[in-house]
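Reading through the structure tokens given below for one structure.
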Ligand SMILES: Nc1ncnc2c1ncn2[C@@H]1O[C@H](COP(=O)(O)OP(=O)(O)OP(=O)(O)O)[C@@H](O)[C@H]1O
Ligand SMILES: Nc1ncnc2c1ncn2[C@@H]1O[C@H](COP(=O)(O)OP(=O)(O)OP(=O)(O)O)[C@@H](O)[C@H]1O
Ligand SMILES: [Mg+2]
Ligand SMILES: [Mg+2]
């Protein structure tokens, strides 16, 4: 039966520990843009949003509710402990989980077959960042790991180090930290004791800890590169330039989609601001891609039947999205193989340093 | 000596009344409920078992403890690792040590193993928990929570940390957890009215007075502690068997706050309080979740106010503490509302 | 000096004192006697403002009715309470300082404290010990001393002899007599009727929340048969 | 050698920060028997007020520091008035749970009014400058922090044992009404205690903000949890105990980070807490057990 | 039956009990008197196990008990009341008694406690919590609760404090009844000398932690030392 609207459920964390990873703002903005142009095959897109409070049970409950309302797809907390059971449960009704920003490798191990992520898994960003580091002549690296963020904080630095060592570099030391660290002095003392001084440190984490680390390293006279992952891709990192643009001089990160000034994301954010949506940062912006992908699937399938839409998405040669020209799931089935941007800073302004699909991604599945 | 004294008989009546309430709710759902509400009910009953377990220690001994999520997690992981088929574990736990991914057990055996492991850990921790006093109990319980959580996070080869341990057979449904909840209610009531329960409550009021009356305070606390960990274990098993995927995340502070708030609202001194508190907060949270999405009420579109649910918990705790420090029920049990005691003037 | 008229005292919903009248003249000692539960402590509680009450309480003609506890104290009403209520966690010396906390003359306070140590030498010996570890009787002495350290205009004593050895009881009653001679106004609640009557100018006898008898101390002889008479009526 | 000295100084400043927060907890506990878990949110409030005032009013760091102190004192006193006064006579558990409730409310208010992501407030990071003492590099912040903590401890100790108000504060811990019966305005006494704890929170907030450069809803939770542990290890309710516990925790934490092999790095926190549990088994009331201070006799 | 042998307890520098020895025979009422701070309450704490002696021994029928924890001594038959009441505030009067009762074997004499409840006038308040009782009732409840342990030694710390002559008399009669009804030794501390002398078979007088005198009531009151340290010259 033909529905009059295309419904997308978002059982996402607006509060709680993972609140910064939700894709609501970009999705809302994109849905409004599409609806303003007549919708998808004449059907408007409707977003059903519920706060999961970062809690798995709450997310699944909301998802079950959405199922009753006939959604085409669902987005949720981008961590596998929620995405897997949720996908299993909504999969019984043929509904897909389509994530705007999930980089977790586990989701692509074949546990669930109704999962699609708009971005490439973590090893890609690690490899891209490592490749750029090698180009800068980085040889000796130290990495920071933590168990607090799952494989994202624990494994990604190791993948980075793997690429470095495979190309003749050295992993000098692995340092540990925990979420909420507000003083890295002990780790910095360790870094300072390294001989030779490290060329680069890698950490897959987010603000404000990153800011503290950068500041304390620079204050301690360590001028090694500080390299990171998509967690760096947040406006609050750029804000360090207000203190001192030099703080960001030797900082870069591999991320999910280009977000420097003049990039498509940047333009999208400005367009959204004009129609009254504040879309702040990478993760919120990527919600727009997710909406575009679903819209494309509905159009191609000619229906809102979730399974048909999923098939259509997977068989499409290219799907135009907001953040890059297009993505495709034809080869990978569950994630978009994208060019990975490496972004750095010049005088405190973001610049795109490289954009490639890395060839030398460490084995991850 | 199986003859029950007057309080214990009243306890059974009370437990029966509470069970009827639970059955009534399940009945209402069966008749008119929507499918997503089954999940709400399931989660509520799992929480109920935890809150009742909390009541057996916190309520009777009058200490605030926060380690229950840890024990629940231990049981959930133990049951999950035992029950998940070998073929699935090859994918989900490829690096597990000690042959953990090379065996599988029946659900019943897995549950028993989980209860056994959790109970043993309860006993070991209880040996020193029962010796601590005052705030020390709270702090060591927090230490247990943090330590267990760190181990979950760190030993990713066994627990997968904040990633998912998936592929657990989804064995349990609403019926199972309803039965478990009712068993828990009876067990907690009988414990409260037992000699140990009575001594524990006496010691909570006046430890020195109780010792002078021959109460072995440490032993009573130890027994209650171990019993309460078994409740948490049951809840953990039910959680894992229902969801099919677990991670370290749900077994931490957020869950602790939620369940403690439930207990406080109802009143930690009584089992009925634990039940009412759990039900009320569950309903309240669902209401808030619905309100915060900005529904249309009587033709008026309410504004969207996402994020209120967290606030609600805090407000409930503070308001209850300010206006009814002993919770809705205080010292009373459900049967005290229905059948007044003789001789009270 | 202190006048109480139509005083009712409540503990939650329970009315413990049912409208009593009482007067304590300047420089006199008045005893309030009666069996357990008569409402003596409740009456004192009302005067210092720690329990809910109705009716008039006048100090030198001024109504204290709505005044807060601490303000009544500052008007010169000090209480040596039932159960002593010393600060267990403070040293003996600091307990005494608390009694004088509203005084501004640090030297005078120090001198007064030394006086009390001279009067009760055992307290002096325990000067820096936590008051909670004192024996029952030592705590009682401390409570009396604390109440007097503020140099109140009127002193309320609630069973000051409770738990004291005979020797010390005598000392306490001698102290009361001495204070009276020095012009202190005293309202005394006691179980030890004969000793109380002996030091008093006037006696009120209370039972079940009402005043049963009132009169000059002389009318009560040595106070002995008093309680029998009362409890006989209400047994 | 250089490395060892450096790590020693690091441990000292970690310890000083915990001690400062622990003192704030201990003073409220020793006076009111309240385990104030909302102390962390007082610190966070200071952080947010720095962010707000720093962007809309003035960038002058001295004024801002004064303002942070003021904000923390004000919010601590306010919390006492609206939330803790009602549970003043309640037992420890009631107070502790109330404090938890207050902490949850405040965190959510920060979340709703602010944002889940950190709000930048970098006006105080200038406090953190690198100094060289011979070959050893120290942060000026570490020095300020250690000195401030020592001054705070000394000042507080004198205040509580010498001044009438200080003695009254300790007395109020036991018998609130009796303090009033001694003519002291007890509400002021308790407000005073909260003001002091707010002041200590404000100091801690300045140091934390000087390092973090941003405020976030949960920023106070972890340090306060650690400080709470420090209090208990030291002997809850004992001010010297809080200080001792704070420094002990600082040394344990840095020691664990340095000594544990990297493959066990994730267990550093677990190891610290396990040691704390061991200390408590050895001395259930903490190292400097305040039992004598409580002075209870049977 | 209960022997205290050379027991010493010091707090810091203060010897609260110094080298005390005395014997309590089965089914006697043994008065323990002395000035404030003499160490009487400390003595009871030592016997009931809330303090352990620095030196010396405490024996119950030739068994050393001075290293046992209090609860074990309670179950061995040593019961006490407290100078400051220690009732279980959230339990009904009945359950207060049941706490003690739960520690005695099934063979115990059930009717003892029931009779005591009637005699002490608590029958009508069994389902109330102690807070709602008058102070006198609370004191009586403490005694019954201790009695529910079926003690062999019952120690009462100032049971008559705050009672008037009439009530003290009633307490005395209840003690007499108790002695007739249940064979146990009673250690009685009180400052109401008339009451103690009337009730006790033997009296021990303590002063500054040590034994000052002991013997029959009339011998003790005649003792000059006792008069000087405790009673003061010219009795009242
Ligand atoms: N806090 C309270 N709550 C309820 N009732 C109370 C409270 N305090 C006293 N009462 C009741 O009020 C009445 C009077 O008590 P009060 O303490 O004033 O008597 P009293 O004359 O001082 O007796 P006593 O000689 O035993 O000290 C008693 O019946 C008592 O039970
Ligand atoms: N825990 C303690 N710490 C220090 N001193 C103590 C402690 N307990 C008792 N004392 C001291 O020991 C002495 C004996 O005290 P105890 O309470 O036994 O006296 P008592 O004979 O019962 O006196 P009272 O008749 O006044 O109750 C007192 O001087 C008291 O100050
Ligand atoms: Mg009284
Ligand atoms: Mg005594």
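Protein chains in written order, with the working numbering: chain A, 553 to 917; chain B, 878 to 1222; chain C, 338 to 572; chain D, 741 to 1038; chain E, 3 to 238.
All C-beta atoms, glycine included, are put in the ideal place defined by N, C-alpha and C.
Say whether chain D places a C-beta atom closer than 8 Å to the C-beta of residue i.
i	result
residue 902 of chain A	no
residue 1011 of chain B	yes
residue 728 of chain A	yes
residue 748 of chain A	no
residue 782 of chain A	no
residue 569 of chain C	Here the model assigns residue 569 of chain C a pLDDT of 46, short of 50, so the residue's position is not dependable and the matter cannot be decided.
residue 1016 of chain B	yes
residue 426 of chain C	yes
residue 1141 of chain B	yes
Terminal residues of the continuous alpha helix (DSSP H) containing residue i?
i	result
residue 229 of chain E	Premise fails: residue 229 of chain E is in no alpha helix (DSSP H) and is neither H nor E.
residue 440 of chain C	That residue, residue 440 of chain C, is in no alpha helix (DSSP H); it is neither H nor E in DSSP.
residue 139 of chain E	137-149
residue 841 of chain A	834-853
Using a C-beta cutoff of 8 Å, does residue i count as contacting chain C?
i	result
residue 917 of chain D	yes
residue 914 of chain D	yes
residue 251 of chain E	Past the boundaries of the shown model lies residue 251 of chain E; chain E is included only from 3 to 238, so the question cannot be answered.
At least one CB of chain B closer than 8 Å to the CB of residue i: is that the case?
i	result
residue 1033 of chain D	Here the model assigns residue 1033 of chain D a pLDDT of 38, short of 50, so the residue's position is not dependable, and the following value carries that caveat. Taking Cβ atoms only, chain B never reaches closer than 8 Å to residue 1033 of chain D, which makes this a no.
residue 786 of chain A	no
residue 709 of chain D	In the structure displayed, chain D extends from 741 to 1038; residue 709 of chain D sits before or after that span and is not available.
residue 4 of chain E	no
Residue i touches chain B at which residues, Cβ-Cβ below 7 Å?
i	result
residue 1009 of chain D	1023, 1027
residue 143 of chain E	Within 7 Å Cβ-Cβ: nothing; residue 143 of chain E doesn't reach chain B, min ~11 Å.
Quick one: which chain E residues come within Cβ less than 7 Å of residue i?
i	result
residue 470 of chain C	13
With 8 Å set as the bound, which would you pick, yes or no: does the beta-carbon of residue i sit closer than that to a beta-carbon of chain A?
i	result
residue 932 of chain B	no
residue 952 of chain D	yes
residue 844 of chain D	no
Cβ closer than 7 Å: which chain A residues qualify as neighbours of residue i?
i	result
residue 750 of chain D	737, 738, 741
Between which two residues does the beta strand (DSSP E) harbouring residue i extend?
i	result
residue 205 of chain E	204-209
residue 13 of chain E	4-13
Which residues in chain D have a C-beta closer than 7 Å to the C-beta of residue i? List them in chain order.
i	result
residue 734 of chain A	948, 951, 952
residue 1202 of chain B	827, 830, 834
Does any CB atom of chain E fall closer than 8 Å to the CB of residue i?
i	result
residue 412 of chain C	no
residue 503 of chain C	yes
For ligand 6, I want to know if residue i counts as a neighbour, meaning its beta carbon is within less than 7 Å of at least one of the ligand's heavy atoms.
i	result
residue 13 of chain E	The model on display carries ligand 1, ligand 2, ligand 3 and ligand 4 but not ligand 6.
Near ligand 3, which residues have their beta-carbon less than 7 Å from any of its heavy atoms, given in chain order? Per the Cβ criterion, the list is C/377, C/378, C/419, C/495, C/496, C/526.
Listed in chain order, which residues of the stretch 369-382 of chain C have Cβ atoms closer than 8 Å to some Cβ of chain E? Answer in chain order: 372, 373, 374.
For the stretch 957-982 of chain D, enumerate the residues whose C-beta is nearer than 9 Å to any C-beta of chain B, in chain order. Shown in chain order are the members of the stretch 957-982 of chain D whose Cβ falls below 9 Å from a Cβ of chain B: 961, 965, 968, 969, 971, 972, 973, 976, 977.
What residues in the stretch 1143-1175 of chain B bring their beta carbon closer than 9 Å to a beta carbon of chain D? Residues 1145.
Pull out every residue of the stretch 20-39 of chain E whose Cβ sits closer than 7 Å to any Cβ of chain C, in chain order. Of all residues in the stretch 20-39 of chain E, 37, 38, 39 have a Cβ within less than 7 Å of some Cβ in chain C.
Residues within the stretch 1088-1111 of chain B neighbouring chain E, beta-carbon criterion of under 8 Å: Residues 1088, 1089, 1090, 1091, 1092, 1093, 1094.
Proximal residues, the stretch 851-869 of chain D versus chain A, C-beta separation under 9 Å: Only 851, 852, 855, 856, 857, 858, 859, 860, 862, 865, 868, 869 from the stretch 851-869 of chain D bring a Cβ to less than 9 Å from some Cβ of chain A.
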